[in-house]
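Numbering (our numbering), first residue to last: -11 to 210. Below: the structure, in structure tokens.
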């Protein structure tokens, strides 16, 4: 009786999955280079040329422009969280849920976000404005990035509140509010970055946020 060897049995399927994942990463990196070279309004022809391939191949890996945009956002999201994790001493790129220095956490969070704006302004514009998309997406196309950052911050804020004997319920909305404030300030700063240094803007935003949040970190008195 003969037996048939399937791709999953001989490992070919696994190798193909790994190849596709690797190729997707290469195409995302090529897209980021194209954005830096041509600006946030980069076209698919420029992206394909940077990748040394055709638009057909790019679409084969991402289905459409939305798929490519989402993959770039995922890459940027990981970069922000990695930078923020480093600032907070978290080696794995996730925020350390430590209430030891809450003001330092706020400052590091703000600075990590502004770091992308300063170092990669065209990539930032590409993410928040989504010029690659042919039709406007429902809601905010950059929300997966900002929501993920806010979710990570809410864990740390909740931990700090709990350590101080405070109600942790506001942590989620405070984190979302903090990210929204920084994003709005970053968008305005991007129009005139020479008017203020990143360090100065980080300090101003930290002072603004901490003036309200600091009262919640006061340990309760039993």
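Even for Gly, the Cβ is constructed at its ideal location relative to N, Cα and C. For clarity, every value in this text was computed on a predicted model and none was experimentally measured.
9 angstroms or more divides the Cβ of residue 119 from the Cβ of residue 61. DSSP places residue 166 in the helix class (H, G or I) of the three-state scheme. About 7 angstroms separates the CB atoms of residue 111 and residue 24; that is less than 8 angstroms, so the two are in contact.
In the three-state DSSP reduction, residue 40 falls in the coil class, being neither helix nor strand. Taking C-alpha positions only, residue 107 is separated from residue 17 by approximately 16 angstroms. Under the DSSP assignment, residue 106 falls in the alpha helix (DSSP H) whose first and last residues are 90 to 107. When the alpha-carbon of residue 97 is set against those of 10, 19, 163, 175, the nearest one is in 163. Residue 118 sits in coil when the DSSP states are folded into three classes, being neither helix nor strand. DSSP places residue 187 inside the alpha helix (DSSP H), whose first and last residues are 186 to 201. Rounded to whole angstroms, the Cβ separation of residue 49 and residue 21 is 16 angstroms, and the two are not in contact under 8 angstroms. Closest by C-alpha distance to residue 200, out of 73, 165, 13, is 165. When only Cα atoms are considered, residue 93 and residue 63 end up about 23 angstroms apart. Rounded to the nearest whole angstrom, the CA to CA distance from residue 188 to residue 170 is 13 angstroms.
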